[in-house]
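Okay, so here's the structure we're looking at.
In this note's numbering, the protein residues as written are 45 to 470.
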């Protein structure tokens, strides 16, 4: 079973439609960061428990070695790959020594497959399970540059070196804003191991996978390495405000934020006449939440008048929920101009709200991951649907509906009176 945790850029067909032509070459935010080769470090548990023979009739260590050989054969040329071990060198009972037992087996860089396979072949199940120190070491191995970075942790047990909680280590890594993702794979995990690995993955927007067979392990690791090699749009971290006044001003791009349960956050976008604002938002349930929740994306003027909104609800069956909106601003020919002589832009306030709730035992910090997509394109010359106009164009649509209802009521009343008159006459 694979549990996906993360922002869900492209979390449904709606986002795919809204993102057409999303990232122009001169976008100021969220540009693809594919210049530098991506970096991946595989972190392998080589503790004594890896001797257990419960994966396809072979030991967990043998299954991991076989999977590593298959993965090393399939690593894309553009990926810089490294290997780090934990619990591979110290067989004794000294806790302080055992909890420092993590070492880089193969440095992060261009892969020499023969050398890497030879290094893996020498491994034998040995000692403790210092997951926290290993994650810290791997983060240090991957530091520097602007490349995408990913740690793939493979272990068969929970950390044995508390109080350095690996989940807190992962949260600290995420708080650094270096966009380092940690994916975790549990070999025949028990409930405690599963919960700990899930927490580590959630903290950095990674994934957790429970592995029961060798082919599952090799297939999943290949998939994660390939994912690192795929050019992605790098979200720009931002922080929404409690009101539109003082909210950050965003241009076209992809942005990330965190929002507390039941919170409202505001952002601002300048839309010029002749442009269409397209915005979408995804909020990820990266922890246990109550069923029945929703997300609202609302555009309004700086005076609080609603322009248009998008909303979506969920019932606990998805890890991410998304919605979007469109707002075309027509040219009227009598707009005010700015200092450059261009038509003055209208400041549109974007409100992101959620109705998530959770039980008392669930941690509420940090907030839920938010991804906000903003795009500004040429507005259509002629709007082809009512949604493109919105009530923000004025209250004419509401007036038409009221007038239609009024006239329909008069006609129906006249017909009813005529029928009664005819009935009485006959």
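Just so you know, even glycine gets a beta-carbon here, dropped at the ideal spot from N, CA and C.
Quick caveat: nothing in here was measured; it's all calculated off a predicted structure.
Chain B contact for residue i (CB, 8 angstroms cutoff)
i, result
"residue 466", "In the displayed structure, chain B is absent; only one protein chain is listed."
Chain-order list of residues whose beta-carbon lies under 6 angstroms from that of residue i (same chain, five-residue window excluded)
i, result
"residue 473", "It is not possible to answer for residue 473, since the shown part of the chain is limited to 45 through 470."
"residue 71", "Unreliable placement is indicated for residue 71, whose pLDDT of 41 sits below 50; the coordinate value is still reported in the next sentence. Only 296 and 297 meet the Cβ criterion."
"residue 247", "214, 215 and 218"
"residue 92", "169"
"residue 139", "none"
"residue 353", "342"
Contact set for residue i: own chain, Cβ-Cβ below 7 angstroms, skip 5 residues either direction
i, result
"residue 287", "310"
"residue 406", "331 and 332"
"residue 257", "99 and 100"
"residue 191", "80, 81, 82 and 83"
Own chain partners of residue i with C-beta closer than 8 angstroms, once the 5 adjacent residues on each side are dropped
i, result
"residue 402", "305, 331, 332, 333, 334 and 408"
"residue 264", "46, 229, 253 and 255"
Range of the contiguous beta strand (DSSP E) that encloses residue i
i, result
"residue 303", "297 to 303"
"residue 283", "Unbroken run through residue 283: none, as it is neither H nor E."
"residue 93", "Residue 93 -> no beta strand (DSSP E), and no H or E assigned at all."
"residue 364", "364 to 372"
"residue 414", "412 to 422"
"residue 83", "83 to 89"
"residue 100", "Careful: residue 100 lies outside any beta strand (DSSP E) and carries neither H nor E."
"residue 392", "390 to 398"
Short Cβ contact (8 angstroms threshold) for residue i with residue j
i, j, result
"residue 15", "residue 412", "Given that the chain is displayed from residue 45 to residue 470, the structure contains no residue 15 and the question cannot be resolved."
"residue 207", "residue 240", "no"
"residue 197", "residue 84", "no"
"residue 389", "residue 315", "yes"
"residue 173", "residue 121", "no"
"residue 415", "residue 371", "no"
"residue 338", "residue 356", "yes"
"residue 322", "residue 455", "no"
"residue 343", "residue 392", "yes"
"residue 397", "residue 368", "no"
"residue 374", "residue 261", "no"
"residue 132", "residue 147", "yes"
"residue 128", "residue 231", "no"
"residue 180", "residue 152", "no"
Limits of the alpha helix (DSSP H) - the one that residue i falls within
i, result
"residue 260", "258 to 273"
Should the segment 220 to 237 be called in touch with the segment 117 to 133, which here means at least 3 C-beta pairs below 8 angstroms?
-> no
Just list the beta strand (DSSP E) runs in the segment 172 to 251, keeping only unbroken ones of 3 residues or longer that don't cross its boundaries, in chain order.
-> 193 to 199 and 224 to 231
For the segment 118 to 163, which segments carrying the beta strand (DSSP E) assignment without a break, of at least 3 residues, lie completely within its bounds, in sequence order?
-> 124 to 130 and 146 to 153
Uninterrupted beta strand (DSSP E) stretches inside the segment 325 to 358 (no shorter than 3 residues) = 337 to 344 and 350 to 358
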